[in-house]
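In terms of our numbering, the sequence shown opens at residue 19 and continues consecutively.
Even glycine gets a Cβ: it sits at the ideal position worked out from N, Cα and C.
Quick notes on the structure that follows.
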Amino acid sequence: MPARPAQADLHCPRCDARLVEVGAARTMTTCPACHQDLLAVDVAPWPHRVAAAAIDLACVGLTAGPLHLGVRALLDRDDPPVATGLDAVLSFGAQDLTTILFECLPLLIFAGLYYGLFVSLTGRTPGMSAVGIRVVATDGRVPHPIAAAVRYVASVMGLMPATLGFWWLLVDVDRRAMHDHASRTYVVRDS
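As structure tokens, this is what we get:
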């Protein structure tokens, strides 16, 4: 990971106004442009975020599988022959978009409910809680449900172009991924 520049600029999380160099910005209590209160936070490092995501993915996978089978049973859809291994991967990508969406929809809906409800109610998912991090809005509070929904949709969209939305946090001065910027949130360590 490249070293951060010594004189990086900080920006207001509300209006994106340039503050001052990092050292001087730490003593500021309000943004000079919009008068938003500035909070000193300890942004979560990416290994903590990856560990939390792995735990959450396991939780979603273990619960969304039965949900998917339940939806299939309700719709009484004829199953195509089951492929395994590399054939399964290649045949999945060769299907039409409707079939792919049908296959992924239960997982996406459940994951959206999982992330959206946990983040908007407590500011953390079980995975985040296990590694000691949480999501906060720019004012330091638990994100609004709309912000949690935007965060989830933006994170799914960030997966599409080779996960570039997530890799962004490695080069961002605030260590925020694209979905953090879109939802105006930060992932911080618990105090």
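Within 10 angstroms of the Cβ of residue i, are there 16 or more other Cβ atoms? Answer buried if so, exposed if not.
{"i": "A72", "result": "exposed"}
{"i": "T203", "result": "buried"}
{"i": "D74", "result": "buried"}
{"i": "T156", "result": "buried"}
{"i": "V68", "result": "exposed"}
{"i": "D198", "result": "buried"}
{"i": "M196", "result": "buried"}
{"i": "M175", "result": "exposed"}
{"i": "R142", "result": "buried"}
{"i": "M146", "result": "buried"}
{"i": "V219", "result": "Nothing in the structure corresponds to residue 219, since the chain is present only between 19 and 209."}
{"i": "G183", "result": "buried"}
{"i": "S209", "result": "exposed"}
Considering only DSSP beta bridges, list what residue i is partnered with.
{"i": "R152", "result": "V206"}
{"i": "V61", "result": "V206"}
Below 8 Å CB to CB, which residues in the same chain sit around residue i once its five sequence neighbours on both sides are set aside?
{"i": "W64", "result": "L187, L188 and R193"}
{"i": "A35", "result": "H29, C49, P50, A51 and C52"}
{"i": "H162", "result": "S138 and A155"}
Please confirm whether residue i and residue j have their CB atoms less than 9 Å apart.
{"i": "D60", "j": "R207", "result": "yes"}
{"i": "Y133", "j": "S173", "result": "yes"}
{"i": "F136", "j": "T81", "result": "no"}
{"i": "H66", "j": "V149", "result": "yes"}
Within a Cβ cutoff of 6 Å, which residues of the same chain sit near residue i, ignoring the five residues on either side of it in sequence?
{"i": "P23", "result": "With a pLDDT of only 40 at P23, under the threshold of 50, the placement of this residue in the model should not be trusted; the figure read from the coordinates follows. Around P23: no qualifying Cβ."}
{"i": "L119", "result": "none"}
Considering only residues of the same chain and omitting the five flanking positions on each side of residue i, which have a CB-CB separation below 7 Å?
{"i": "A62", "result": "I151, V205, V206 and R207"}
{"i": "G130", "result": "Y170"}
For the ligand NAP, is there any heavy atom lying closer than 8 Å to the beta carbon of residue i?
{"i": "Y132", "result": "Looking for the ligand NAP in the displayed structure turns up nothing, as the structure carries no ligands at all."}
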